[in-house]
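Report on the structure given below.
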Amino acid sequence: MSEHRYTVLGMACDHCAAFVAEAIERLPGVTGIAVDVHTDSVTVTSTGDLDLADVRAAVDAAGYDLAGT
């Protein structure tokens, strides 16, 4: 199991968090996700390393921005 933490910009409410979570949960290997809109953080548990480009694409598709990387 691997754990990855990301910062997602633009989330303002639980509805936003649900969109982001749903998009990331579709990625292969994802086994769990926790979103905190107060800190803009998303913690993803997966069976292995996640491809950052896939995470970015999922977040973009949900209408939000992956910060930093």
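In the UniProt record's numbering, the protein residues as written are 1 to 69. C-beta atoms are modelled at their ideal positions from N, C-alpha and C, and glycine is treated no differently.
Same chain only: Cβ atoms within 8 Å of residue i, ignoring 5 sequence neighbours per side
{"i": "Phe-19", "result": "Ala-62, Gly-63 and Tyr-64"}
Cα-Cα separation, residue i to residue j
{"i": "Asp-40", "j": "Glu-25", "result": "17 Å"}
{"i": "Gly-48", "j": "Glu-3", "result": "9 Å"}
{"i": "Asp-36", "j": "Val-55", "result": "17 Å"}
Enclosing alpha helix (DSSP H) for residue i [first to last residue]
{"i": "Leu-9", "result": "Leu-9 -> not in any alpha helix (DSSP H); beta strand (DSSP E) instead, spanning 2-9."}
Beta-carbon contacts of residue i that lie in its chain and below 7 Å, excluding the five residues immediately before and after
{"i": "Thr-7", "result": "Asp-40, Ser-41, Ala-67 and Gly-68"}
{"i": "Leu-9", "result": "Asp-40, Tyr-64, Asp-65 and Ala-67"}
Limits of the unbroken beta strand (DSSP E) element including residue i
{"i": "Val-42", "result": "41-46"}
Cβ-heavy atom distance, residue i to the ligand HEM, below 8 Å
{"i": "Ala-57", "result": "Absence of the ligand HEM is noted for the structure shown, with no ligands found whatsoever."}
Other residues of its chain near residue i: CB distance less than 6 Å, five sequence neighbours each side excluded
{"i": "Asp-51", "result": "none"}
{"i": "Gly-29", "result": "Ser-46, Thr-47 and Gly-48"}
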